[in-house]
Amino acid sequence: MPLQIIVGAQWGDEGKGRIVDWFAAKADIVARYNGGDNAGHSVTVGDTLFKLHLVPSGIIHGHAIAFMGSGMVVNPGSLFKEMDMLAGAGVDVSPKRLRISHAAHLITPAHQALDKANEAARGKANIGTTGRGIGPAYTDKAKRSGLRMADLLAPDFLERLGLHTDDANQQLNLLGAPYVNPSDVMDEYRGYIEILRPHIADCSSELTHALKAGKRLLAEGAQGTLLDLDHGTYPFVTSSSTIATGVFVGLGLGVTAAQNAVVSGVCKAFQTRVGSGPFPTEVKDDLAARLRGTGENPWDEFGTTTGRPRRVGWLDGVLLRYAVQINGLTELVMTKLDILSGIETLKLCVAYKHGNKTITDLPFGPTDLDGYEPVYEEYPGWQEDVSAMRDWGELPLAAHRYLEAIARLTDIPVRLVSVGPEREQIVEIS
Ligand code: GDP
Ligand code: IMO
Ligand code: MG
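Sequential numbering from 97 applies to the sequence shown in my numbering.
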């Protein structure tokens, strides 16, 4: 298995970072293929909690080389903060270990200002973006006016950055938003050029050669299937290809690399979403508070990037089956099983009722979920604390039943179950 893809099977925050860290122990390379610092991937190693936004989570293992692919949008200021944090924790982030695609796009302060201004202009119909400039940076990419990593090396880069900021100011003016000073932006970026230069690489070529040489490549997705620009709950999505096929464009790999690939869908044992958009299995009563937590624990359901409380609900099997289909998932990794301990009865959404029809697959994908009522199966819960359990046999019978129902519903095996945020809190299912 030279290629393994780790993709979020829901609306993000499934625990991908922690699972990438687990699989990275056996990988040679870990490569992020989409998104920017809208992502927040937490990895707990002993007493250290790493919160990664841009750098692939596998970098924490000393041996793996990390790549940031052309499908990403990179805010250099955020990247440097993260690199400093990692270096401070003893992680090598030198150019030989952290390679950044020459074709990845840059996020600028003007993109961030536009993101906020666009959201304000949407009013009540806002998307609930992270405000990190993601949408405007991908918009410039699609408009063919974006600035890429390789542009940093051009002699007229700062001039082009100034023109980009002027252009954004015209849009900000129309939106009634404050102006971004081009000379401040140019001054900021002047300092970034020499730091980034040695990291800039031809990722496509380096990764293709590595695969040919038999290296094991772990591709790390950001966000989740239902936030995919084309196949998610549009328009309440992010602006990149989050799904498994995004790997090929986002890393510059030919599709033949997909042969025998393992595609692992990371899925929380319940459903969460941060930001606006449909959520058929959402709950809002005491159970919501129970699933979300109070914010006391680092793993409670508050965004790693923005701190916003996440919306919570029962696991949606219809959407999970859709994730299996659209990603070609070969296996599931279930996270946060420990959070379900102590709930008397678990509900699993197995179908939707729409008018007087009951459906198990979405007819037109998940764009418009209005009017779809979840149909639940109920499973007995368990009281035991599972967080110290490491074997399938140790897990309560009721947990077996719940996980077996999910495997049956999706028709793929559950390969790993995470029972806590720590590196070793994993039950491997052979
Ligand atoms: P990602 O964006 O998919 O990487 O997920 P986040 O890091 O944003 O959110 C997942 C949160 O749950 C983090 O705080 C993780 O440390 C934590 N976490 C991951 N797996 C488990 C688990 O099995 N149990 C518990 N209690 N926390 C977990
Ligand atoms: P990770 O990788 C959860 C959501 C935002 C918003 C929508 C669009 O940690 O799973 P954007 O700023 O991307 O334009 O916002 O997408 N969103 C995420 N939700 N996890 C993420 O990343 C997310 N990245 C973006 O909340 O609803
Ligand atoms: Mg996250």
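In this text, a Cβ means the ideal position worked out from N, Cα and C, and glycines have one as well. Computed from a predicted model, the values in this text were never measured in an experiment.
Checklist entry - When every heavy atom of the ligand IMO is checked, does at least one fall within less than 7 Å of the C-beta of N134? => result As a position in the sequence shown, residue 134 is number 38, starting the count at 1. Yes, the ligand IMO has a heavy atom inside 7 Å of this Cβ.
Item to check | Helix, strand or coil at Q100 [DSSP, three-state] | outcome: Position 4 of the sequence shown holds residue 100. In the structure shown, Q100 sits in a strand (DSSP, three-state: E or B).
Next on the checklist: Could you check whether the segment 113–127 touches the segment 143–163, counting it as contact only if at least three pairs of C-beta atoms, one from each stretch, sit closer than 8 Å?
Outcome noted: Yes, the segment 113–127 is in contact with the segment 143–163.
Next on the checklist: Please report the straight-line C-alpha distance between I522 and H198, rounded to a whole angstrom.
Outcome noted: As a working note, residue 522 is residue 426 in the sequence shown. As a working note, residue 198 is residue 102 in the sequence shown. Each residue's alpha carbon lies about 36 Å from the other.
Checklist entry - Any chance the CB of D324 is under 7 Å from a heavy atom of the ligand MG? => result Numbered from its first residue, the sequence shown carries residue 324 at position 228. The answer is no for D324.
Checklist entry - Which ranges does the beta strand (DSSP E) cover as unbroken runs of at least 3 residues, wholly within the segment 230–316, from first to last along the chain? => result For the segment 230–316, whole beta strand (DSSP E) runs of length 3 or above, ordered along the chain, are 313–316.
Checklist entry - So G342 and G317 are in contact, right, with Cβ under 8 Å, and what is the actual spacing, rounded? => result As a first step, residue 342 must be located in the sequence shown, where it is residue number 246. As a first step, residue 317 must be located in the sequence shown, where it is residue number 221. The C-beta distance from G342 to G317 rounds to 7 Å, short enough to fall under 8 Å.
Checklist entry - From this set, M485, L415 and D109, which residue's C-alpha is nearest P470's C-alpha? => result Residue numbering aside, residue 470 sits at position 374 when the sequence shown is read from its first letter. Per the Cα distances, L415.
Checklist entry - By Cβ distance below 8 Å, which residues in the same chain neighbour K212 in space, the five residues on each side in sequence not counted? => result Numbered from 1 along the sequence shown, position 116 holds the residue referred to as residue 212. Only G227 and A273 meet the Cβ criterion.
Checklist entry - For the beta strand (DSSP E) that H137 lies in, which residues bound it at each end? => result Residue numbering aside, residue 137 sits at position 41 when the sequence shown is read from its first letter. Its beta strand (DSSP E) spans residues H137 to V141.
Next on the checklist: Among the candidates P394, G108, F460 and L465, whose CA atom is the shortest distance from the CA of D143?
Outcome noted: Along the sequence shown, one-based indexing puts residue 143 at 47. Nearest Cα to D143 within the set P394, G108, F460 and L465: P394.
Checklist entry - How big is the Cα-Cα spacing for W488 and L387? => result Numbered from its first residue, the sequence shown carries residue 488 at position 392. Numbered from its first residue, the sequence shown carries residue 387 at position 291. Going by the C-alpha atoms only, they are around 23 Å apart.
Checklist entry - Can we count T400 as close to the ligand IMO, meaning its CB is less than 7 Å from some heavy atom? => result Here residue 400 is taken as the residue at index 304 of the sequence shown, counted from 1. Checking the Cβ of T400 against the ligand IMO gives yes.
Checklist entry - To which residues does DSSP link M168 through a beta bridge? => result Counted from its first residue, the sequence shown places residue 168 at position 72. Under DSSP, M168 shares a beta bridge with G131.
Item to check | Contacts around D434, its chain only, beta-carbon distance under 6 Å, and the 5 residues preceding and following it disregarded | outcome: Position 338 of the sequence shown, counting from 1, holds the residue named residue 434. The residues are V482, S483, V515 and G516.
Item to check | Reduced DSSP secondary structure (H/G/I, E/B, other) of K432 | outcome: By 1-based counting over the sequence shown, the position of residue 432 is 336. DSSP, reduced to helix, strand and coil, places K432 outside both helices and strands of the structure shown, so it counts as coil.
Item to check | Local conformation of F146 per DSSP, three classes | outcome: One-based indexing of the sequence shown puts residue 146 at position 50. In the structure shown, F146 falls within a strand segment according to DSSP collapsed to helix, strand and coil.
Checklist entry - Can you pull the DSSP bridge partners for I156? => result Taking the sequence shown and counting its residues from 1, one reaches residue 156 at position 60. For I156, DSSP assigns no beta-bridge partner whatsoever.
Next on the checklist: Let's test the definition: count the other Cβ atoms within 10 Å of the Cβ of L270 and tell me whether it reaches 16, buried, or not, exposed.
Outcome noted: Taking the sequence shown and counting its residues from 1, the one referred to as residue 270 is at position 174. Looking at its Cβ environment, which holds fewer than 16 other Cβ atoms inside 10 Å, L270 is exposed.
Item to check | Whole runs of the alpha helix (DSSP H) within the segment 384–470, excluding any shorter than 4 residues | outcome: With a minimum length of 4 residues, the continuous alpha helix (DSSP H) runs that stay inside the segment 384–470 are 413–423.
Checklist entry - Does the count of Cβ pairs from the segment 377–391 and the segment 405–415 closer than 8 Å reach three? => result They touch, by the three-pair rule.
Checklist entry - Below 8 Å, can you find three or more Cβ-Cβ pairs linking the segment 230–240 to the segment 279–296? => result The segment 230–240 is not in contact with the segment 279–296.
Next on the checklist: Measuring only from the beta carbon, is G104 closer than 7 Å to any heavy atom that is part of the ligand IMO?
Outcome noted: In the sequence shown, residue 104 corresponds to position 8, counting from 1. Checking every heavy atom of the ligand IMO against the Cβ of G104, one is found closer than 7 Å.
Checklist entry - So R312 and A162 are in contact, right, with Cβ under 8 Å, and what is the actual spacing, rounded? => result By one-based count along the sequence shown, residue 312 stands at place 216. By one-based count along the sequence shown, residue 162 stands at place 66. Not really, about 14 Å apart at Cβ, beyond 8 Å.
Checklist entry - Contact between the segment 294–303 and the segment 239–251: three or more CB pairs below 8 Å? => result Inter-segment contact for the segment 294–303 and the segment 239–251 is present: three or more beta-carbon pairs are separated by less than 8 Å.
Item to check | T321 (DSSP reduced to helix, strand or coil) | outcome: As a position in the sequence shown, residue 321 is number 225, starting the count at 1. In the three-state DSSP reduction, T321 falls in the helix class (H, G or I).
Item to check | Rounded straight-line distance, which links the Cα of R218 to that of Q355 | outcome: Taking the first residue of the sequence shown as position 1, residue 355 is located at position 259. Taking the first residue of the sequence shown as position 1, residue 218 is located at position 122. Their backbone Cα atoms lie some 43 Å apart in a straight line.
Next on the checklist: Beta-carbon within less than 7 Å of N423's beta-carbon, same chain only, minus the 5 sequence neighbours each way: which residues are those?
Outcome noted: Walking along the sequence shown from the start, residue 423 turns up at place 327. By the criterion of a C-beta distance shorter than 7 Å, N423 is surrounded in its chain by V103, T321, I339, A340, V359 and G361, once the five residues flanking it on both sides are discounted.
Next on the checklist: With a threshold of 8 Å, are at least 3 pairs of Cβ atoms found where one atom belongs to the segment 123–139 and the other to the segment 442–452?
Outcome noted: Verdict: no, contact absent.
Checklist entry - DSSP state of H201, grouped into three classes? => result Position 105 of the sequence shown, counting from 1, holds the residue named residue 201. Strand, per DSSP.
Checklist entry - What three-state label does DSSP hand F366 in the structure shown? => result As a first step, residue 366 is located in the sequence shown; it is residue number 270 there, counting from the start. When DSSP states are grouped into helix, strand and coil, F366 belongs to the coil group.
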